[in-house]
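Residue numbers (this note's numbering): 42 to 703.
Written out as structure tokens, the structure is:
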């Protein structure tokens with residue numbers, strides 16, 4: 042039986058760093074009250090940054106430019122291959138270039154509402170404020186945002202809003218923004234202020250005297266395990282969506298960095314808040330190891346529909362208008378195809394469950410551009426989305442200019458992550474988490490085009506100020522490589538890998554991962570209920586026990602060994618999956634991406650229970666912090682049951698109401 046069914050409730054947790062007073066003044070006050078590090082003293086302070094996506098790349102470049110010595114790590118062969126490159130659609134900013142009623146306050150309101158009132162007001166308002174600075178920063182870097190005929194930056198709409206605030210670079214916004222951060226980072230690498238470690242993966246966190254002082258990492262080419270020490274550690278390692286096996290994330294994206302930090306004392310917040318993206322190419326069979334995302338920007342001009350009648354297998358061009366159900370436009374007339382992602386995803390599931398889905402297995406809906414092509418002309422549609430259409434045709438062998446795209450929801454983003462305060466610092470002093478690695482800004486559902494906004498806000502603007510405050514207040518004497526805590530962490534990581542290599546079973550890491558992912562998708566995916574979650578919490582420990590008996594990792598640890606990489610990540614996925622299911626089980630309400638079938642309105646919408654669940658669930662790990670072997674060869678459980686700490690959410694400016702997009 043899973044020990045995770047027996048969680049305990051601990052003392053409440055509070056964000057003590059967020060200033061009070063008028064919300065418009067809080068970020069300015071925090072920056073003014075923050076202590077500074079003298080420019081001459083910065084050269085003697087060091088920071089480790091794990092990850093080189095938008096958050097990590099921006100943070101590394103900015104910290105190094107300020108004068109700190111930065112050691113930066115990524116498991117890709119180049120920082121410019123970080124998964125941020127896959128964010129296609131755009132980046133939000135409250136510039137109001139369209140003069141359509143947008144403002145910082147409206148972006149703040151839309152984000153809190155879109156997150157179904159499960160995010161902090163202070164953090165979200167700061168994000169909205171910084172959004173306008175991000176665009177200026179990126180334009181100065183040469184990011185080629187789309188422009189109108191007169192030369193002004195162009196914008197388009199995204200889900201959950203009624204204004205055009207999304208800046209974009211065709212269908213490759215993430216790539217262009219990442220190149221901007223990468224060139225800034227490359228300049229600091231060339232100047233000797235950033236020591237870059239590519240093809241290197243973090244395996245554990247080093248904590249000394251209660252503070253984060255370094256990491257244990259493995260060179261993925263040579264297998265060498267080493268320790269790296271600094272005055273502070275920043276995790277910018279993205280989300281944990283790949284726990285589901287099939288997701289829109291890059292295959293190597295994983296949760297080991299944040300989970301190992303969790304095992305060393307960092308609280309994990311809201312793990313059940315995972316986002317299902319409505320615009321993904323449907324899976325084509327059991328052979329797949331990854332899903333492909335089609336940008337949400339396509340919902341600006343594409344119309345989503347299914348046949349009105351169940352079992353209608355006619356080709357889409359043979360189905361007349363009167364036999365089509367443009368269900369989002371029908372159910373949500375005010376927002377239509379641009380409702381938030383959680384609502385669009387659930388609506389697609391409902392019509393497919395009714396037998397009206399299209400394509401193989403009935404697991405798809407149409408995204409149709411016929412009206413847009415007729416209204417704008419093919420050339421205009423091609424200018425906006427050409428590379429996305431080309432990608433779709435290469436994958437499906439169908440021409441979306443002639444035949445509607447087929448899409449279906451898929452795991453995409455994780456709103457949960459390490460708990461951080463207003464300064465982006467975790468419960469382990471000296472350990473900061475930025476971007477998707479933390480939980481802080483999106484509540485129970487992220488609005489489209491907000492991930493790039495948060496990553497760059499954290500990396501370029503927030504972290505440099507708050508990390509400096511930490512370094513100015515803390516005396517961090519140098520740590521020797523032979524410090525007992527360093528040697529213990531290195532030994533833990535080494536023992537874990539050796540144990541995986543020694544089992545020599547008969548099942549591959551992928552076979553276990555696929556089984557775990559399907560279990561999570563079925564019982565903790567688009568819809569959850571008590572029976573399914575309890576079943577998952579019984580099945581996961583049994584699957585983990587089987588993993589430790591039957592895993593097969595060929596090769597050695599002294600070489601490139603992707604099977605070893607996958608197996609090591611699975612060790613953490615098993616524990617994370619249990620915590621996700623426990624978090625979903627204890628939260629007996631529906632909100633955002635967390636939909637409990639027992640908690641729905643009469644018309645099938647999510648029913649929140651604000652009086653009981655308007656809080657952040659911050660989970661504390663209990664048990665041994667080292668390798669699984671620490672508890673003996675027969676014990677592969679994650680340790681004692683976790684402890685739940687609640688951070689109560691207060692809403693002074695955006696008062697919770699039942700979300701309506703009708």
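Ideal placement from N, C-alpha and C gives every residue a C-beta, glycine not left out.
From a predicted model like this one, the values you see are computed outputs, not experimental measurements.
Cα-Cα, which of the options is closest to residue i?
i: residue 555; options: 601, 288, 462, 410; result: 288
i: residue 451; options: 342, 330, 188, 397; result: 330
i: residue 392; options: 401, 406, 402; result: 406
i: residue 489; options: 152, 80, 96, 146; result: 152
i: residue 322; options: 372, 332, 427, 614; result: 332
i: residue 43; options: 689, 574, 696; result: 574
i: residue 214; options: 581, 497, 536; result: 497
i: residue 613; options: 284, 210, 124, 62; result: 284
i: residue 485; options: 84, 157, 422; result: 157
i: residue 165; options: 326, 596, 483, 510; result: 483
i: residue 303; options: 52, 110, 460; result: 460
i: residue 171; options: 184, 146, 193; result: 146
i: residue 628; options: 661, 645, 653, 618; result: 653
From the DSSP output, read off the bridge partner residues of residue i.
i: residue 332; result: The partner list for residue 332 (beta bridge, DSSP) is empty, contrary to what the question assumes.
i: residue 207; result: 133, 197
i: residue 244; result: Bridge partners of residue 244: none, in fact.
i: residue 366; result: 347
i: residue 49; result: 684
i: residue 315; result: 455
i: residue 403; result: Looking at the DSSP assignment, residue 403 forms no beta bridge with any residue, so it has no partner.
i: residue 302; result: Answer by DSSP bridge pairing: none, since residue 302 is not bridged.
i: residue 237; result: 113
i: residue 87; result: 110
i: residue 659; result: 310, 686
i: residue 473; result: 275, 466
i: residue 506; result: Bridge partners of residue 506: none, in fact.
Excluding sequence positions up to five away, which residues of its chain have a Cβ less than 6 Å from the Cβ of residue i?
i: residue 313; result: 621, 624, 625, 635
i: residue 649; result: 630, 632
i: residue 569; result: 625, 637
i: residue 591; result: 546, 547, 548
i: residue 602; result: 596
Sorted by chain position, which residues of the same chain lie with C-beta nearer than 7 Å to residue i's C-beta, five sequence neighbours on each side aside?
i: residue 576; result: 564
i: residue 240; result: 116, 118, 260, 261, 262
i: residue 411; result: none
i: residue 538; result: 598, 605, 609
i: residue 580; result: 560
i: residue 534; result: 244, 245, 257, 266
i: residue 47; result: 682
i: residue 600; result: 264
Would you kindly work out how many angstroms separate the C-alpha atoms of residue i and residue j, rounded to a whole number?
i: residue 35; j: residue 609; result: Outside the shown range of the chain, which is 42 to 703, sits residue 35, and nothing can be said about it.
i: residue 306; j: residue 55; result: 16 Å
i: residue 186; j: residue 438; result: 30 Å
i: residue 694; j: residue 334; result: 34 Å
i: residue 567; j: residue 363; result: 30 Å
i: residue 682; j: residue 468; result: 19 Å
i: residue 593; j: residue 550; result: 7 Å
i: residue 382; j: residue 202; result: 11 Å
i: residue 163; j: residue 134; result: 17 Å
i: residue 178; j: residue 531; result: 40 Å
i: residue 670; j: residue 342; result: Annotation note: pLDDT 42 at residue 670 (below 50); position unreliable, no value reported.
i: residue 113; j: residue 685; result: 33 Å
i: residue 45; j: residue 182; result: 48 Å
i: residue 351; j: residue 445; result: 19 Å
i: residue 174; j: residue 138; result: 14 Å
i: residue 340; j: residue 426; result: 11 Å
i: residue 71; j: residue 463; result: 9 Å
i: residue 159; j: residue 82; result: 40 Å
i: residue 110; j: residue 230; result: 10 Å
i: residue 509; j: residue 78; result: 6 Å
Between residue i and the ligand NAD, is the CB less than 7 Å from at least one heavy atom?
i: residue 427; result: Among the components modelled here there is no ligand, and therefore nothing to report on the ligand NAD.
Since residue i and residue j are thought to touch, with beta carbons under 8 Å apart, how far apart are those beta carbons, to the nearest angstrom?
i: residue 297; j: residue 244; result: 7 Å
i: residue 121; j: residue 219; result: 6 Å
i: residue 431; j: residue 440; result: Contact doesn't hold; Cβ gap of about 10 Å is too wide.
i: residue 169; j: residue 148; result: 4 Å
i: residue 246; j: residue 236; result: With a Cβ gap of about 19 Å, residue 246 and residue 236 do not count as contacting.
For residue i, would you say it is in contact with chain B, using Cβ-to-Cβ distances shorter than 8 Å as the test?
i: residue 414; result: Of the protein chains in this structure there is only one, and it is not chain B.
Just to confirm my understanding: we take residue i, look at its own chain, exclude 5 residues before and 5 after, and list those with CB closer than 8 Å. What are they?
i: residue 505; result: 100, 103, 104, 107
i: residue 524; result: 249
i: residue 272; result: 86, 87, 88, 254, 471, 512, 515, 517
i: residue 299; result: 276, 278, 281, 307, 309, 458, 459, 474, 478
i: residue 189; result: 195
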